[in-house]
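Written out below as structure tokens is the structure these notes cover.
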Amino acid sequence: MKNKTQQYKQVATDVLSAVGGKTNISSVTHCMTRLRFNLKDESIPNDTEIQNIAGVIGVNRAGGQYQVIIGQTVNKVYDELIAVGDLTRNAPIDENLDGKLKEKLTFKTAGNLVLNKLAGCLTPLIPMLIAASMFKMFTAVLGPSMLNIIGTKTSLYQLFTFVGDAGFYFFPVILGYTAAKQFNTSRIIAMFLGAILIDPNLIKIVTAGKSFDVFGIPMQLVNYSSTVIPIILSVWIMSYVERFFKRYTASSISTIVVPTLTIVVMLPISLCVLGPAGNFVGNYICEGILAFGKLGGLPTIIAVGVVGALWEILVMTGMHLLMITTMMMIFAQSGHENFVTLGAVAASMSVASMSVAGMCLGAALRIKDKNQRALAWSYLVASIIGGVTEPGLYGLAVRYKRPFVGMMIGGFCGGLYAGITSITAYVMVPVANFLSLTAYVGGQTSNVINGVMSGVIAFVAAAIATYAIGVESKSVQATTKTFKLVEA
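Heads up: the sequence shown begins at 1206 in my numbering, then just goes up one per residue.
What follows is the structure, given as structure tokens:
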């Protein structure tokens, strides 16, 4: 039996040959789950042939790249690919950087670019949001609203409260850093600009309600703490302002002049124009979606079920980025929401991610081929424990087609229950594993129970539907050579 290194090398060799060899590769890199090729002739690879290579989960063509989906061991296969093909090694990239590839500017590509930039700004915040959300969950579970183990006056309760709040209050500062990376401008100056927006003295001016001006320009009184759009817009414009001053300032004085003049120019632009405009847009989006969620009745119930069913399709097309961005804005500005998350937004909440896990279980119980069944079980573990749904999505739903229907049925059933019970998400837990069910902690106990039930229903319904529908036998036969490429 081949050891893992030999297995990775075999996958790399087979993929290299299938994409046309070294001579057809302009460059290749990888992200979290995919080998990403820039090919000279994209007509050479046969998608079906590559998809049936042992160890390959699926393929995708996007943004001028030919993407071969490997899964969590992609870095090992990439290392062997570089060695086997004598290729140039490139740094790994983030999963959501497709927008950086050069494409002809159209409404579609422009929209994708905006979504990718927003995702690039917000996605790095997920670890911080998870930690902050956990502390907010601790206060909700241990506090008077549920178990009443710690009182509101205790040091522990207050500690958990301000730690949880800090993750959302300082959004403008932290977003200043991530936005600066996206727009290729000074990280520190961008963070400084974010700090200006939430400076206590500015908040005092806003709270006092008295008129204020910036260099004679009237400033709208807005509290920018926990906001998203204002700082992203400001850093975007700042990137051009800073570039201008760097171009026309002598290097001997640029260290002093460039940052100072950049902030001088950005003060009226941010505080008088972009800040209020961004705040208006953010509030308009958030209030609009929250109002939709409050409509109640059959329209909202069906909408939640449909989004739960179609969420993984949104993920595959990239449209989920818009809803992820919206969810982050809503949580940052209102502290809760009762529509978007119930529609199984992104890799964060329950019904869509639980339906992927349920589909993996149903497929694992139905598939007869030993190797394929082992892969299905590994996909289940990756999904429900690791929070990685892509192996199951591409390795089962896309590859076999029929499980996709089972997954959608599970998502619809879970979302339908969530809509009927009108559950609300109080904590943002942007992960796709079982911890996403903790998002419903913070209100009444019934809300938690119904939130967990929505995930359980999605999981069970997807498992039963997938098992009943089955998988296509020809796909199983075509991939009997596939072996398990997951870490023990």
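By construction, the Cβ of each residue, glycine as well, lies at the ideal position given by its N, Cα and C atoms.
Here the structure is a predicted model, which means the values were calculated and not measured.
(request) Please name the residue or residues paired with residue 1244 in a DSSP beta bridge. (result) 1230
(message) To the nearest angstrom, how far is the alpha carbon of residue 1410 from that of residue 1594?
(response) Cα-Cα distance, rounded: 47 Å.
(message) Give the list of continuous alpha helix (DSSP H) stretches no shorter than 4 residues that lie fully inside the region 1385-1464.
(response) Counting only runs of 4+ residues, the alpha helix (DSSP H) found wholly inside the region 1385-1464 occupies 1392-1402, 1405-1413 and 1434-1453, in chain order.
(request) To the nearest angstrom, report how far apart residue 1272 and residue 1663 are at their CA atoms. (result) 30 Å
(message) Alpha carbons only, please: which of 1564, 1626 and 1645 is nearest the one belonging to residue 1604?
(response) 1564
(message) Let me confirm a value: residue 1671 is counted as buried when at least 16 other C-beta atoms fall within 10 Å, else exposed. Which label applies?
(response) buried
(message) Using only CA atoms, which one of 1234, 1616 and 1449 lies nearest to residue 1510?
(response) 1616
(message) For a test of the three-state rule: what should DSSP assign to residue 1584, helix, strand or coil?
(response) helix
(request) Grab me the residues of residue 1229's own chain with a C-beta within less than 7 Å of its C-beta, minus the 5 sequence neighbours each way, in chain order. (result) 1244, 1245, 1246 and 1249
(request) Let me know the secondary structure DSSP gives residue 1267 once reduced to three states. (result) strand
(request) Could you give the DSSP three-state label for residue 1212: helix, strand or coil? (result) In the structure shown, the three-state DSSP call for residue 1212 is helix.
(message) Less than 8 Å between the beta carbons of residue 1212 and residue 1290, yes or no?
(response) no
(message) Taking the straight line between their C-alpha atoms, what separation do you get for residue 1438 and residue 1359?
(response) 40 Å
(message) Run through the DSSP bridge pairs and tell me what residue 1272 is partnered with.
(response) 1241 and 1265
(message) Quick check: residue 1408 and residue 1391, are their CB atoms within less than 8 Å of each other?
(response) Going by C-beta atoms, residue 1408 is not nearer than 8 Å to residue 1391.
(message) Is the beta carbon of residue 1238 closer than 8 Å to that of residue 1274?
(response) Yes.
(message) Going by C-alpha to C-alpha distance, which of 1294, 1258, 1254 and 1215 sits closest to residue 1241?
(response) 1294
(request) Indicate whether residue 1433 and residue 1380 have their beta-carbon atoms separated by less than 8 Å. (result) For residue 1433 and residue 1380, yes; Cβs fall inside 8 Å.
(request) Check whether the Cβ atoms of residue 1371 and residue 1345 lie closer than 8 Å to each other. (result) no
(request) Report the rounded CA-to-CA distance for residue 1348 versus residue 1340, giving the unit in angstroms. (result) 12 Å
(request) Could you tell me if residue 1353 is buried or exposed, where buried requires 16 or more neighbouring beta carbons within 10 angstroms of its beta carbon? (result) exposed
(request) Give the single residue among 1453, 1676, 1471 and 1451 whose Cα lies nearest to the Cα of residue 1443. (result) Closest option to residue 1443, judged by alpha-carbon separation, among 1453, 1676, 1471 and 1451: 1471.
(message) Pop quiz: residue 1666 and residue 1619 are said to be a contact at Cβ under 8 Å. What is the actual Cβ separation, rounded to whole angstroms?
(response) 7 Å
(request) Can you give me the start and stop residues for the alpha helix (DSSP H) that residue 1645 sits inside? (result) Where residue 1645 is concerned, there is no enclosing alpha helix (DSSP H), given that its DSSP letter is neither H nor E.
(request) Could you tell me which of 1610, 1612 and 1558 sits nearest to residue 1587, measuring between CA atoms? (result) 1558
(message) Short of 6 Å in beta carbon distance, which residues of its chain neighbour residue 1669, apart from the five on each side in sequence? Order them along the chain.
(response) none
(request) Might you give, ordered along the chain, the residues of its own chain that have their beta carbon closer than 7 Å to the beta carbon of residue 1674, omitting 5 neighbours on each side? (result) Short of 7 Å from the beta carbon of residue 1674, and not among the five residues preceding or following it, lie these beta carbons of its own chain, in chain order: 1607, 1610 and 1611.
(message) By alpha-carbon positions, which one of 1455, 1264, 1395 and 1650 ends up nearest to residue 1446?
(response) 1395
(message) Quick check on this structure: which residue in 1422, 1356 and 1440 has the alpha carbon closest to the alpha carbon of residue 1382?
(response) 1440
(message) Between which residues of its own chain and residue 1614 is the CB-CB distance below 7 Å, once the five residues before and five after are set aside?
(response) 1666, 1667 and 1670
(message) Just to check my reading of the structure: residue 1436 and residue 1377 have Cβ atoms closer than 8 Å, yes? What is that Cβ distance to the nearest angstrom?
(response) 4 Å
(message) Can you list, in chain order, the residues of its chain with a C-beta nearer than 6 Å to that of residue 1403? Leave out the 5 residues immediately preceding and following it.
(response) Non-local C-beta neighbours of residue 1403 in its own chain, meaning closer than 6 Å and more than five positions away in sequence, comprise 1377, 1429 and 1430, ordered along the chain.
(message) Only counting the same chain, and skipping five residues up and downstream in sequence, which positions put a Cβ closer than 6 Å to that of residue 1217?
(response) 1282, 1285, 1286 and 1289
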